[in-house]
Amino acid sequence: MAYQRSPGTQDILPASVERWQFVEGKAREVCRRFNFREIRTPIFEATELFQRGVGETTDIVEKEMYTFTDRGERSITLRPEGTAGAVRAFVENKLYGEPDLTKLYYIGPMFRYERQQAGRYRQFHQFGIEALGATDPALDAEVIALGYTFYTEVGLKGVRVELNSVGTPAVRAAFKEKLLAYLNPIREELCKDCKSRIDRNPLRVLDCKVDQHRFTDAPSILDSLDEECSVHFEKVKMYLTDIGVPYTINPRLVRGLDYYTHTAFEYKAEGIGAIDTIGGGGRYNGLVADIGGPDQPGVGLGLGLERTIMLLEHQAAPLANPHAVDIYLIALGEEADREVTKLTYHLRMNGIIAERDYQGRKMKAQMKSADRMQVRYTAILGDDELARGEITLKDMAGGGQRLIKLDELARELKAQLDR
Ligand code: HAM
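Quick look at the structure:
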């Protein structure tokens, strides 16, 4: 029996790889402008890093990690997200010793054992950024703006930013009390997920899609913020308004990871089945210390690339065909064939995207290939022309054709393509 890919994984075939490259290229380019620099950390880490970093009671750690024991009896986990590894690298490599902020980005695969559905995979890809070393709310706004800029510049329409403050651990502990006083009396009416979450992570109950309508008069964490949290939140909003990034406040927004303090946000858009969150992030002032580093604050985001690309396709965003071929060379005759081999290589060495036939097909079939490749030019070389040192160049857009000296083809094509 033929093998099949594992559930929740995908083959990204050449026809969509170009869109991936475009999206990844945009991510890099936007990061460059915001002065974030790339970091590449391992795909697997010690399991404990995620237990401590992401949080023991999160869905990710409780039921979604790909964990195994390696041959050295260590517990290893395929990274379910990028922040813990980036922060570990920040600490281990003492990047905090540098005088300036550490602004990092990464693009790569993450692994979560989740139920498969449209937009939810077991191997997926994130573009993430992490800014470490400052509590300035202008940095929160910059991170949110970077994600927004990325979505706008890849061409996505209708992306919304939802913003909340989840306070400090002390603020959350006090809010939990209030929330439990509200939830406990209605506990029996809630869905199975909510019931199991009430005791472990009551804030996440408010996030439940099924029971949303029951929480209309639930207490809001924004009423529980202390002075420092409120001031921070107000400033994040002020900066976002100043730089022109639209947002709405969602006091129910809680993220699925435990490390957040103060700012929490998500990017939302319609178009991928039941899922509307395409990215998210927030501030995490305790995480660096939690995993054994100095007391350094951080803020970052993670954007799902599958979801970005699915939405782009859903919105039928146009993409210039980046795999169009400049010229297709056709040989008629044995001598000509030898010359075309040489000529194709020569053109490629001169920066021209050139292709030819390798299957000994008739001229008509070769012309069809050229059409499929959306070539700008075809060049036809017969033994007669070869004897005269010439080749027929056909402009596929304009339709005209003319004879060109063989040794002038590269220069002539470059001049035409530059225009
Ligand atoms: P997250 O919300 O768990 O945050 O994931 C961020 C994004 O990754 C999601 O919004 C979604 O687009 C994508 N994603 C997550 N799980 C899947 C899946 N199973 N299939 C497809 N896409 C998925 C984080 O991971 C944090 N590390 C973000 C962050 C960075 N916060 C601070 N810094």
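Just so we're on the same page, the working numbering is the position in the sequence shown counted from 1, plus 6. Idealized CB from N, CA, C, for every residue including glycine.
Practice task
Would you list the one or two residues that DSSP bridges to Q407?
Solution key: K400
Practice task
Give a yes or no on contact between the stretch 329-348 and the stretch 358-373, applying the rule of three or more CB pairs nearer than 8 Å.
Solution key: yes
Handout entry: Given 8 Å, three or more beta-carbon pairs between the stretch 147-165 and the stretch 96-107
Key = no
Problem - Runs of beta strand (DSSP E) lying entirely within the stretch 324-400, each at least 3 residues, in chain order - result: 333-338, 360-362, 383-388
Practice task
May I ask you to report which of helix, strand or coil DSSP gives I49?
Solution key: coil
Problem - As assigned by DSSP and simplified to three states, the class of E136 - result: strand
Exercise for the section: Drop a sphere of 10 angstroms on the beta-carbon of T47, count the other beta-carbons inside from all chains shown, and report buried for 16 or more, exposed for fewer. Expected result: buried
Problem - Assigned exposure category for K368 - 16 Cβ within 10 Å defines buried - result: exposed
Practice task
List the endpoints of the continuous alpha helix (DSSP H) containing G153.
Solution key: 143-160
Handout entry: Three-way DSSP call (helix, strand, coil) for N190 in this model
Key = In the displayed model, N190 falls within a helix according to three-state DSSP.
Exercise for the section: Leaving aside the five residues before and after E70 along the sequence, list all residues of the same chain whose C-beta is less than 8 Å from its C-beta, in chain order. Expected result: P86, R118, Y119, E120
Problem - beta-carbon Q132 near the ligand HAM non-hydrogen atom, thresh 6 Å - result: yes
Problem - Where D223 falls: helix, strand or coil (DSSP) - result: In the three-state scheme derived from DSSP, where H, G and I count as helix and E and B as strand, D223 is classed as coil.
Exercise for the section: Would you give the residue range spanned by the beta strand (DSSP E) that A275 belongs to? Expected result: 267-278
Practice task
Please name the residue, chosen from I135, G277, A95, M402, that lies closest to D377 on a Cα-to-Cα basis.
Solution key: If we check each option's Cα against that of D377, M402 comes out closest.
Practice task
Using the Cα positions of L353 and I397, report the straight-line distance between them to the nearest angstrom.
Solution key: Distance between the alpha carbons of L353 and I397 is about 14 Å.
Exercise for the section: Determine which residues share a DSSP beta bridge with L110 and list them. Expected result: R43, E136
Exercise for the section: Tell me where the beta strand (DSSP E) around D5 begins and ends. Expected result: There is no way to answer for residue 5, as the model of the chain reaches only from 7 to 425.
Exercise for the section: Give the single residue among F28, E276, L185 whose Cα lies nearest to the Cα of P257. Expected result: L185
Problem - Three-way DSSP call (helix, strand, coil) for V216 in this model - result: coil
Handout entry: Reduced DSSP category for Q129 - H, G, I as helix; E, B as strand; rest coil
Key = strand
Exercise for the section: For R85, verify whether its CB is less than 6 Å away from any heavy atom of the ligand HAM. Expected result: The ligand HAM never approaches R85 closely enough for any of its heavy atoms to be under 6 Å from the residue's Cβ.
Handout entry: Simplified DSSP assignment, three categories, for Y245
Key = helix
Problem - Beta-carbon separation (whole angstroms), L426 vs S171, contact threshold 8 Å - result: The requested residue 426 does not occur in the structure, where the chain is confined to residues 7 to 425.
Problem - Any non-hydrogen atom of the ligand HAM closer than 6 Å to L228 Cβ - result: no
Handout entry: Heavy atom of the ligand HAM within 6 Å of T283 beta-carbon
Key = T283 Cβ: within cutoff of the ligand HAM.
Exercise for the section: Report whether the distance from the Cβ of Y111 to the nearest heavy atom of the ligand HAM is below 6 Å. Expected result: no
Problem - G114 Cβ short of 6 Å to the ligand HAM heavy atom set - result: Answer for G114: no, Cβ out of range of the ligand HAM.
Practice task
Determine the contact status of A124 and G279, defining contact as a CB-CB distance below 7 Å.
Solution key: yes
Problem - For I82, the residue or residues it bridges with in DSSP - result: The partner list for I82 (beta bridge, DSSP) reads A52, F74.
Practice task
Measure the CB-CB distance between Q302 and Y112 and report whether it falls below 7 Å.
Solution key: no
Exercise for the section: Spatial neighbours of L228 within its chain, please: CB distance less than 6 Å, with the 5 preceding and 5 following residues excluded, ordered by chain position. Expected result: P257
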